[in-house]
Amino acid sequence: MAGNAAPPPAGSACPQDLRSWAGGDRVWEDGEHPAKKLKSGGDEERRGKLPKRKIVLLMAYSGKGYHGMQRNVGSSQFKTIEDDLVSALVRSGCIPENHGEDMRKMSFQRCARTDKGVSAAGQVVSLKVWLIDNILEKINSHLPSHIRIL
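Be aware that the sequence shown starts at 1, since it is given in the UniProt record's numbering, and climbs by one per residue.
Shown next, in the form of structure tokens:
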């Protein structure tokens, strides 16, 4: 019985199959073709394929005219630094619009907060964004002149 090896169990992958899938070197048989994707040209689809990474932003701002750094959930009557920052992130294309409404979706964290009228020379926030070209310039272009990402 030395020459009678049992066949592999049903549903198990042979090492040869694994190699072909891992390397992407599949040999197509006659009449078999890889699936083609339709081109939609949608900006949202393109954005969804961009890498999303957790980044840290170092900010400086003048707090005059603001009611502090931290956003007041459910109250839009008090203008905050985070309101302007999130608005700039959405307009620059770093985050989707629905993430601006729920900051947990972008894993937003701040290291500190300031009170009404207080300025900051170095405020750090972290969040997940799409990595786009010239991200710093694009965000700063949508921020007021008294708020800057360094």
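Each residue gets a CB set at the ideal place from its N, CA and C atoms; glycine is no exception. Since this is a predicted model, take the numbers as computed values, not measurements.
- When the alpha-carbon of Val118 is set against those of Lys52, Tyr61 and Ser107, the nearest one is in Tyr61.
- Judged by DSSP in its simplified three-state form, Val90 adopts helix.
- Per DSSP, Lys138 is one residue of the alpha helix (DSSP H) stretching across Ile135 to Ser141.
- Taking 8 Å as the cut-off, the Cβ atoms of Thr80 and Gly68 count as close.
- Beta-bridge analysis with DSSP links Leu127 to Ile55.
- With 16 or more neighbouring CB atoms inside 10 Å of its own CB, Leu85 falls in the buried class.
- Counting only residues of its own chain and dropping the five nearest sequence neighbours on each side, Arg71 has a CB closer than 8 Å to the CB of Thr80, Glu82, Asp83, Val86 and Met103.
- In this structure, Arg110 and Val125 form a Cβ contact; the two beta carbons are roughly 5 Å apart against a cut-off of 8 Å.
- Excluding sequence positions up to five before and after Ala121, its CB lies within less than 6 Å of the CB of Ala60, all in the same chain and listed in chain order.
- Between the alpha carbons of Lys64 and Lys116 lies a distance of about 8 Å.
- Excluding its 5 nearest sequence neighbours in each direction, Leu57 has C-beta neighbours in its own chain below 6 Å: Val125 and Ile149, listed in chain order.
- DSSP places Ile81 within a helical segment (H, G or I) once states are collapsed to three.
- Ala88 has its alpha-carbon roughly 6 Å from the corresponding atom of Ile139.
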